[in-house]
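In our numbering, the protein residues as written are 1 to 161. I have placed the structure first, in the form of structure tokens, so that the comments after it can refer back to it.
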């Protein structure tokens, strides 16, 4: 990282950045063609590792790409404020971001972590503890990504945000 003064290495703070973000971009590559999709997500700490969950339809470009190449990058970020300056080069954005790398696993109804993944996504946006997801589960897939590598970056004090 070029700006090591902005690097975040603390696992808990990187997790907190993910928790504060409303969307995460799932980036993948298939046949040398990049593909990135901003998505709703949930994130959990499982056995000392961050695991990101997404939900989607059972068919589509994402799943086709992931079946061919499960290696992914996940990123999220927030612009907290823009500080103006006397010239364009003096402007700066106060931000925080996190990025992680791992391999995607596609889960379907009946897989052991399917409900856990759906619950992780839903709980990121609200509290619905008794939801059985019965309405859409037959048409839904869950993408699970255990992050083997994570990085954070910020030029703002994130603990107070």
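Here a beta-carbon is modelled for each residue, glycine too, at the ideal position from N, C-alpha and C.
Report yes or no: is there a C-beta of chain C within less than 9 Å of the C-beta of residue i?
i, result
"residue 36", "Structure shown: chain C not included; a single protein chain is present."
Take residue i and list the residues in its own chain whose beta-carbon comes closer than 8 Å to its own, dropping the five residues that flank it on each side.
i, result
"residue 7", "1, 151, 152 and 153"
"residue 23", "38, 39, 40, 41 and 76"
Over what stretch of residues does the beta strand (DSSP E) that includes residue i continue unbroken?
i, result
"residue 178", "Residue 178 lies beyond the range of the chain shown here (1 to 161); nothing can be said about it."
"residue 53", "49-57"
If residue i sits next to residue j, beta carbons under 8 Å apart, how far is it from one beta carbon to the other, in whole angstroms?
i, j, result
"residue 27", "residue 38", "Contact doesn't hold; Cβ gap of about 10 Å is too wide."
"residue 106", "residue 141", "6 Å"
"residue 145", "residue 51", "7 Å"
"residue 128", "residue 43", "Their Cβ separation, rounded to whole angstroms, is 17 Å, which puts residue 128 and residue 43 out of contact at 8 Å."
"residue 95", "residue 78", "6 Å"
"residue 91", "residue 82", "7 Å"
"residue 45", "residue 15", "6 Å"
Quick one: grab the DSSP three-state call for residue i.
i, result
"residue 150", "strand"
"residue 139", "helix"
"residue 36", "strand"
Considering just the uninterrupted stretch of the alpha helix (DSSP H) at residue i, what are its terminal residues?
i, result
"residue 65", "61-68"
Output needed for residue i: all residues of its chain with C-beta closer than 6 Å, excluding positions within five of it in sequence on either side, in chain order.
i, result
"residue 114", "107 and 142"
"residue 102", "145, 146, 147 and 148"
Within its chain, find whatever has a CB closer than 7 Å to the CB of residue i; leave out the 5 residues flanking it on each side and keep chain order.
i, result
"residue 139", "57 and 58"
"residue 71", "103"
Segments of 3+ residues assigned as beta strand (DSSP E) that fall wholly inside the region 2-28: none
Ranges of the alpha helix (DSSP H) found wholly within the region 84-125, counting only runs of at least 4: 114-125
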